[in-house]
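In full-length UniProt numbering, the protein residues as written are 1 to 527. This report refers to the structure that appears directly beneath it.
Spelled out as C-alpha cells, the structure:
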C-alpha cells in the first residue's frame with residue numbers, strides 16, 4: 001500500500017577571507033522568504049498548516065519563575081470513556097497540566113511536549129498525539145495496541161517561552177549558520193562566505209542559483225578571483241546571539257527535554273481486544289518485541305544479511321539526502337558482506353558513495369543534497385540538487401529511490417525548506433510519470449538530544465515544523481513514508497540525530513519491505 005501518509009595541489013602564496021565589515025541593505029536579488037511564483041498559493045496554505053499556538057511575549061526583565069516548569073507540572077490518566085477496563089483497540093487519554101516555577105497553572109499554550117506509551121518487558125512502545133487546548137492544559141492520546149502493562153511518559157521539550165525565542169531568532173537571524181567556499185586560481189587562494197541570501201549589491205556577489213530548480217545560492221565575490229574559481233563548499237560556523245537571560249530557557253535537566261511526573265498512576269493494564277471492537281489507529285506504527293509493526297497495511301519483515309541480498313537482487317537503490325540517510329547506506333554495507341563499497345576517493349562524510357554486488361547485479365549509491373548543508377569541504381562538483389539527480393534516473397520496477405532532507409534546513413525560515421521540497425516533489429512526479437513502477441521512499445525528521453547549541457540550530461521544534469511540512473507536501477503522491485519521527489519517539493533508546501542501530505535496523509526493514517514487496521524479492525529471517 002503506497003501512501004504518504006591526480007593533480008598536485010599548488011601551494012597558495014596568499015590566502016584571504018572576503019567578507020564585508022558592514023552589511024549593506026538587502027537587495028531584491030535574493031530572499032530567505034521567496035518561492036517560485038507558481039508556488040505562492042501553496043506556500044500560504046503550507047505555512048497555515050504549521051501555525052503554532054500563540055506563545056508569551058518576553059520582556060527584557062522576564063523571570064524564569066514565570067515560565068513553564070516540568071517538575072511542577074503533572075499528567076493524569078483519564079478514566080476510560082464509558083467506564084470499565086482498558087482493551088486493545090481503545091484510546092487512552094491523558095490530561096497534562098503545565099505550571100510555572102511558582103506552582104501557578106499556566107493559562108496559555110505553545111509548550112512543546114512529546115508523549116509515548118511503552119512496556120519495557122515487551123519492548124513495546126507507541127507515540128502519542130498531543131493536543132494543545134491553548135490554556136495551559138494538553139491532552140495526549142494513545143492507541144492501545146498490545147495486551148499487558150502500558151506506562152505513560154510525557155516530556156517537556158521546550159516551554160512556550162522558549163518557542164518565542166526560537167521564533168524570533170529565525171526571523172531576526174536567518175543566517176546564524178553560515179557557509180564558506182574556497183576559491184583558487186593557480187597560486188591565488190581566497191575564502192568567501194556563502195548562504196541562501198547575502199546582504200550585498202549584485203556586483204559584490206557570485207550568483208550560483210541553479211538554472212534548473214531555481215534554488216538560490218550566493219557567495220561574496222573574492223577580490224582577486226572570479227566566481228568560476230569556486231572549488232569547495234563547507235560549513236562556516238554559527239553566530240547566533242541570544243538576549244540576556246534567554247539562555248536560561250534552554251537548560252538540560254531544568255526545562256529542556258525533562259520528564260513530567262504523574263499526579264496518580266502512570267500505567268494501566270490492557271486486556272485483550274473485544275471481537276466486535278476495531279482498533280482505532282492514529283500512529284503510523286508501534287514497537288512490539290523490539291520490532292516495528294506498521295499500521296498502514298504494510299507488513300514489515302525482518303531482514304538478515306542473506307535476506308537483504310535477495311531483496312536487492314537486480315536492483316538499483318539510490319539514496320539522496322543528509323547524514324541520516326547516509327546512516328542507512330552504512331548499515332546496508334556493514335550488514336551485507338556481498339555488497340562491496342567501491343572506493344570513489346570521496347569524503348567519508350559527504351560521499352558520493354557506491355556499492356556493488358556483482359553476483360546479484362545490485363547497485364546502491366548515496367549522494368548528499370546540495371547546500372545548505374553543514375558538511376566540510378564538499379567539492380563544488382558534488383553539490384548536486386536532488387531534483388536534478390532524479391531527472392537523470394531512468395526508473396522502473398528495478399529502481400528504488402530514498403530521500404531524506406530536513407536537518408540542514410532547520411535554521412532558515414520555512415520558505416527555504418518548502419522551496420526545496422516542492423522542487424523535489426516536482427522531480428518525483430516527473431519520475432513516476434515516465435516510470436510508474438519506480439519505488440520512492442521518503443524519510444521524515446526525528447527528535448534528538450538537545451544542548452543549547454543544538455537547540456538554536458536544530459531544535460525538535462524546528463524539526464517538528466518541517467516534519468509537518470514534508471508530510472503535507474507529499475500527501476497524495478505515490479510514495480512511501482518511513483516515519484522516523486514516531487520510530488524514534490516510540491523507542492526506549494535516547495533520542496539522537498543519528499538514531500542508534502536497533503532503530504536504524506527497523507527503519508531499513510521498513511525500506512526493504514516496501515522495495516521487496518513491489519517486486520517479489522522477499523526472503524526474510526522467517527523464511
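Virtual Cβ for every residue (Gly too), placed ideally from N, Cα, C.
Query                                                                                                                                                                                           : Result
Would you kindly work out how many angstroms separate the C-alpha atoms of residue 341 and residue 153, rounded to a whole number?                                                              : 41 Å
Please classify residue 446: does DSSP put it in a helix, a strand, or coil?                                                                                                                    : coil
Do you know how far the Cα of residue 507 is from the Cα of residue 487?                                                                                                                        : 8 Å
To the nearest angstrom, how far is it from the Cα of residue 301 to the Cα of residue 511?                                                                                                     : 10 Å
What runs of the alpha helix (DSSP H), each 4 residues or longer, lie entirely inside the stretch 389-439?                                                                                      : 414-434
Could you pull out every residue in the same chain whose Cβ sits closer than 6 Å to the Cβ of residue 212, ignoring the five residues on either side in sequence?                               : 388
Identify, in the order they occur along the chain, each residue of the same chain with its Cβ nearer than 6 Å to the Cβ of residue 94, setting aside the five sequence neighbours on each side. : 75, 77, 140 and 152
Between residue 70 and residue 295, how many whole angstroms is the CB-CB distance? I'm expecting something under 8 Å.                                                                          : Actually they do not touch by this definition, with Cβ atoms about 30 Å apart.
Near residue 263, what residues of its chain come up, given a Cβ to Cβ distance below 6 Å and the 5 sequence neighbours on each side ignored?                                                   : 74 and 76
Helix, strand or coil: which one does DSSP assign to residue 93?                                                                                                                                : strand
For residue 461, which of helix, strand or coil comes out of DSSP?                                                                                                                              : helix
Compare the C-alpha of residue 46 against each of 418, 118, 121 and 492 and name the closest.                                                                                                   : 418
What residue from 173, 331 and 356 has the CA that sits closest to residue 243's CA?                                                                                                            : 173
Around the C-beta of residue 449, are 16 or more other C-beta atoms found within 10 angstroms, so that it is buried, or is it exposed?                                                          : exposed
Are residue 269 and residue 85 close, meaning C-beta to C-beta below 9 Å?                                                                                                                       : yes
Which runs of the beta strand (DSSP E) spanning at least 3 residues fall entirely within the stretch 81-129, listed in chain order?                                                             : 91-100, 112-119 and 124-127
Does residue 373 come out as helix, strand or coil in the three-state DSSP assignment?                                                                                                          : coil
Of the choices 428, 411 and 394, whose alpha-carbon is the least far from that of residue 168?                                                                                                  : 411
Cα-Cα, which of 496, 186, 463 and 423 is closest to residue 43?                                                                                                                                 : 423
How many Å lie between residue 337 and residue 305 at the Cα?                                                                                                                                   : 7 Å
Exposed or buried, which one is residue 319 when buried takes at least 16 other CB atoms within 10 Å?                                                                                           : buried
Which residues bound the beta strand (DSSP E) around residue 195?                                                                                                                               : 188-195
In whole angstroms, give me the CA-to-CA distance for residue 442 and residue 68.                                                                                                               : 35 Å
Less than 9 Å between CB atoms is the rule here; does residue 272 satisfy it with respect to chain D?                                                                                           : The structure shown has no chain D; it contains just one protein chain.
Judging by CA-CA distance, which residue of 146, 112 and 235 is the nearest neighbour of residue 121?                                                                                           : 146
Rounded to whole angstroms, what's the CA-CA distance from residue 495 to residue 186? Just pull it up for me.                                                                                  : 47 Å
Exposed or buried, which one is residue 358 when buried takes at least 16 other CB atoms within 10 Å?                                                                                           : exposed
What do you reckon, are the CB atoms on residue 128 and residue 160 nearer than 9 Å?                                                                                                            : no
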